[in-house]
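I have placed the structure first, in the form of structure tokens, so that the comments after it can refer back to it.
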């Protein structure tokens with residue numbers, strides 16, 4: 001007992017810890033450590049995304065020779081003193097061009113139709129794969145991902161051979177059935193069909209794998225309950241599967257819309273925007289004007305035109321996702 | 329032996345002088361050696377880069393300059409991207425190879441080369457009109473017209489098919505080693521031949537796409553009608569009789585082109601010839617060179633020759649390359665001396681030989697080198713390729729418009745788009761109105 005008493009150290013006798021410096025405290029904070037760990041990524045994003053984005057905005061304010069500011073002029077909707085002090089002369093010029101509006105329309109057509117088809121195909125195929133017995137499922141998943149895994153430029157080159165104006169493999173097959181050859185990339189509607197088809201071919205596996213992951217997370221009990229309630233196949237899809245996949249569908253669609261809208265490689269390789277500019281998208285037209293045509297400010301303006309459109313689409317879809325998240 | 333003592337003052341002065349000498353900035357000149365960075369076009373003829381490397385290495389060794397050469401390909405427009413990037417960064421190579429329109433597009437950033445051009449013209453003869461139009465701004469030479477990469481896109485005909493379907497002996501019109509006897513080779517003959525070959529199942533392989541082969545051909549026809557979308561003063565001249573005549577003729581002719589001509593790119597016509605599908609294409613001898621390798625029986629029947637003549641003359645598309653010196657280059661004097669070395673007659677002859685006759689010098693006295701006369705089979709097939717008898721006027725689409733406007737017309741392929749639109753049924757006046765609106769946009 002006496003020993004025990006002897007070992008007790010009263011608080012008054014305890015050695016005072018050395019006061020930690022403020023700097024040390026700062027570096028020991030979780031938020032500081034997190035910041036420093038993320039710093040390489042932040043620097044990378046700043047160098048490769050933020051700086052180029054602001055530089056592109058700066059470029060849009062310059063004239064064709066990049067020697068002066070491209071002020072707006074002759075605005076009918078603004079007083080002259082405001083109009084002539086806004087450096088969006090390139091944008092003002094673009095909005096008066098017939099080709100610009102055609103490219104705008106084509107970009108929307110390309111992105112919307114490609115995303116819809118990718119989503120539909122991805123949905124259907126993911127159900128097929130989901131129903132394949134677990135043992136063989138991995139092989140199917142692997143094979144179906146191949147179009148997405150191959151670099152787009154490479155697979156588009158293969159498609160280019162299939163659609164070649166003179167030596168199309170598809171036309172050879174059609175010829176075997178006495179069907180007239182199709183000018184796949186020479187006629188506007190076929191050329192648009194071709195670029196959309198290639199985009200769908202490349203992008204559908206991404207939807208498939210995302211939807212498959214979502215399907216696997218739907219509890220079986222929900223289907224069992226629905227079945228007990230007498231729900232048929234369609235009702236199970238409509239009232240169980242789709243509501244459970246809503247957020248994944250929305251986010252996948254948003255992500256794909258952004259990537260598809262900004263697509264460059266497929267169109268550039270397959271049609272280079274032709275015939276008669278009927279397959280140009282914002283990115284390819286921007287390259288044509290800025291790099292090939294030597295008008296970098298105008299090219300930058302075209303490419304930046306995508307930003308507000310995509311930002312609005314993203315805001316709408318993400319708002320919906322957040323709302324549904326809150327409901328849950 | 330008397331010892332000379334150095335005072336403290338003398339020591340300090342000496343030390344300061346030494347420091348100043350050691351720390352002086354290095355002034356580069358060929359005599360004082362230095363470094364030089366060169367960006368050349370990556371030739372698509374295998375082995376052709378070796379010829380330029382040999383000349384550069386020899387010059388570098390002689391002048392004790394450390395030269396770095398980068399061969400930049402034009403596939404995927406990598407050369408245009410490099411030019412744009414270096415212009416933005418104001419840093420990069422000292423010498424940069426630039427195609428057609430780029431010396432004018434970058435004119436503010438290029439070192440004038442009047443001094444060396446005067447020397448070259450004296451030695452090699454006058455520069456052809458197209459190279460002067462593209463390489464000169466007012467009195468200022470923006471760049472040196474380069475042999476490497478400069479090309480002419482005249483017709484390459486199949487001797488047998490032209491005889492068989494159109495009854496034309498193309499070798500008689502353009503005999504090897506002799507001036508052309510091609511007065512009858514005009515637009516009427518060309519149209520009839522196109523129709524006959526089309527009927528015979530071997531159509532002329534001329535594209536209506538948006539790449540340079542198609543645009544060059546359309547532009548040469550346009551100039552042979554005396555037509556221009558914008559004149560030399562920058563006035564829009566789309567709605568002129570000459571443009572209407574050109575468009576009418578071009579659509580008549582285009583009806584005999586392959587049905588998918590609007591989708592053709594620069595590889596399509598080559599494939600067309602090599603596959604034996606047609607009687608004529610408009611191309612430099614690269615297609616013939618591929619045929620020589622892959623389909624020798626077709627190569628033996630190919631003959632490169634001049635353009636047909638129109639009402640206002642005989643024009644052939646010429647696409648020159650240039651060697652330019654950036655104004656922000658660090659060793660301009662050495663750069664100029666290297667360009668002189670690259671433009672020596674022996675160097676030019678070696679470039680032409682290494683490219684199998686593909687490259688064409690831009691100077692008058694250099695278009696009769698033995699390479700073109702000797703290349704074959706058939707021997708003499710390239711004799712008329714470099715226009716040795718000045719039988720035709722070398723031109724580029726959209727000239728004589730001011731180059732910065734012409735570049736837009738060229739890059740946007742306005743001439744071939746006009747033909748395609750009208751060919752697909754759009755009324756001529758509507759096509760002209762569209763073209764006028766496009767061109768007005770290019771004037772901004």
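Protein chains in written order, with this note's numbering: chain Z, 1 to 328; chain S, 329 to 772. For every residue, glycine included, the Cβ atom is placed at its ideal position computed from N, Cα and C. Everything numeric in this text was worked out from a predicted model, so none of it was measured.
So, at 8 Å on beta carbons, what are the nonlocal neighbours of residue i in its own chain, with the 5 sequence-adjacent residues on each side left out?
i: residue 400/S; result: 367, 368, 369, 370, 406, 407, 410, 425
i: residue 92/Z; result: 72, 73, 75
i: residue 242/Z; result: 249
i: residue 378/S; result: 682
Between residue i and chain S, is there a C-beta pair that is closer than 8 Å?
i: residue 52/Z; result: no
i: residue 317/Z; result: no
i: residue 185/Z; result: yes
i: residue 272/Z; result: yes
i: residue 296/Z; result: yes
i: residue 173/Z; result: no
i: residue 192/Z; result: no
i: residue 151/Z; result: no
i: residue 275/Z; result: yes
i: residue 29/Z; result: no
i: residue 25/Z; result: no
i: residue 266/Z; result: no
Does any CB atom of chain Z fall closer than 8 Å to the CB of residue i?
i: residue 632/S; result: no
i: residue 833/S; result: Limits of chain S in this structure are 329 at one end and 772 at the other, which puts residue 833/S out of reach.
i: residue 599/S; result: yes
i: residue 433/S; result: yes
i: residue 418/S; result: no
i: residue 363/S; result: no
i: residue 809/S; result: Limits of chain S in this structure are 329 at one end and 772 at the other, which puts residue 809/S out of reach.
i: residue 723/S; result: no
i: residue 538/S; result: yes
i: residue 854/S; result: No statement about residue 854/S is possible, as the shown extent of chain S runs from 329 to 772 and does not include it.
i: residue 408/S; result: yes
i: residue 499/S; result: no
i: residue 618/S; result: no
i: residue 457/S; result: no
i: residue 769/S; result: yes
Under 8 Å, do residue i and residue j count as touching if we go by C-beta distance?
i: residue 414/S; j: residue 651/S; result: no
i: residue 486/S; j: residue 625/S; result: no
i: residue 691/S; j: residue 455/S; result: yes
i: residue 476/S; j: residue 687/S; result: yes
i: residue 449/S; j: residue 664/S; result: no
i: residue 388/S; j: residue 683/S; result: no
i: residue 147/Z; j: residue 202/Z; result: yes
i: residue 612/S; j: residue 428/S; result: no
i: residue 524/S; j: residue 185/Z; result: no
i: residue 500/S; j: residue 711/S; result: no
i: residue 632/S; j: residue 484/S; result: yes
i: residue 304/Z; j: residue 56/Z; result: yes
i: residue 33/Z; j: residue 160/Z; result: no
i: residue 770/S; j: residue 724/S; result: no
i: residue 669/S; j: residue 675/S; result: yes
Leaving aside the five residues before and after residue i along the sequence, list all residues of the same chain whose C-beta is less than 6 Å from its C-beta, in chain order.
i: residue 104/Z; result: none
i: residue 673/S; result: none
i: residue 593/S; result: 537, 539
i: residue 349/S; result: With a pLDDT of 44 at residue 349/S, under the threshold of 50, the modelled position of this residue cannot be trusted, and the question is left open.
i: residue 360/S; result: Below a pLDDT of 50, predicted positions are generally treated as unreliable, and residue 360/S, at 49, falls in that range; the measurement from the model is reported next regardless. Correct list: empty, nothing qualifies.
i: residue 719/S; result: 508, 634
i: residue 518/S; result: 636
CB-CB under 7 Å to residue i, same chain, minus the five flanking residues each way: which ones, in chain order?
i: residue 126/Z; result: 208, 211, 212, 215
i: residue 107/Z; result: 261, 281, 282
i: residue 708/S; result: 504, 505, 701
Tell me whether residue i counts as near the ligand MG, meaning its Cβ is closer than 7 Å to at least one heavy atom of that ligand.
i: residue 703/S; result: Here there are no bound small molecules, and the ligand MG is not part of this structure.
**Asked** Would the stretch 593-605 of chain S and the stretch 508-520 of chain S be scored as touching if the rule is three or more Cβ pairs under 8 Å?
**Response** With the cut-off at 8 Å, the stretch 593-605 of chain S and the stretch 508-520 of chain S do not touch.
**Prompt:** Curious, which full-length alpha helix (DSSP H) runs of at least 4 residues does the stretch 390-434 of chain S contain?
**Reply:** The stretch 390-434 of chain S contains these whole alpha helix (DSSP H) runs: 406-417, 430-433.
**Asked** Do the stretch 70-89 of chain Z and the stretch 284-296 of chain Z touch if we need at least three Cβ pairs shorter than 8 Å?
**Response** Flag = no, the stretch 70-89 of chain Z and the stretch 284-296 of chain Z do not touch.
**Message:** Below 8 Å, how does it come out for the stretch 569-577 of chain S and the stretch 728-739 of chain S: are there three or more Cβ pairs, yes or no?
**Reply:** Judged by Cβ distances under 8 Å, the stretch 569-577 of chain S makes no contact with the stretch 728-739 of chain S, as fewer than three pairs qualify.
**Message:** For the stretch 745-763 of chain S against the stretch 580-591 of chain S, do three or more pairs of beta-carbon atoms, one drawn from each stretch, fall closer than 8 Å, so that the two count as touching?
**Reply:** Verdict: yes, contact present.
**Asked** Three or more beta-carbon pairs under 8 Å between the stretch 187-203 of chain Z and the stretch 110-124 of chain Z, yes or no?
**Response** Three or more Cβ pairs drawn from the stretch 187-203 of chain Z and the stretch 110-124 of chain Z lie within less than 8 Å of each other, which places the two stretches in contact.
**Request:** Determine, using beta-carbon pairs with one atom in the stretch 541-555 of chain S and one in the stretch 173-189 of chain Z, whether at least three such pairs fall under 8 Å.
**Result:** At 8 Å Cβ cutoff, the stretches do not touch.
**Prompt:** Where in the stretch 124-206 of chain Z do unbroken runs of the alpha helix (DSSP H), each at least 4 residues long, occur, reported from the N-terminal end onward?
**Reply:** Fully enclosed alpha helix (DSSP H) runs of 4 or longer: 134-149, 152-163, 169-176.
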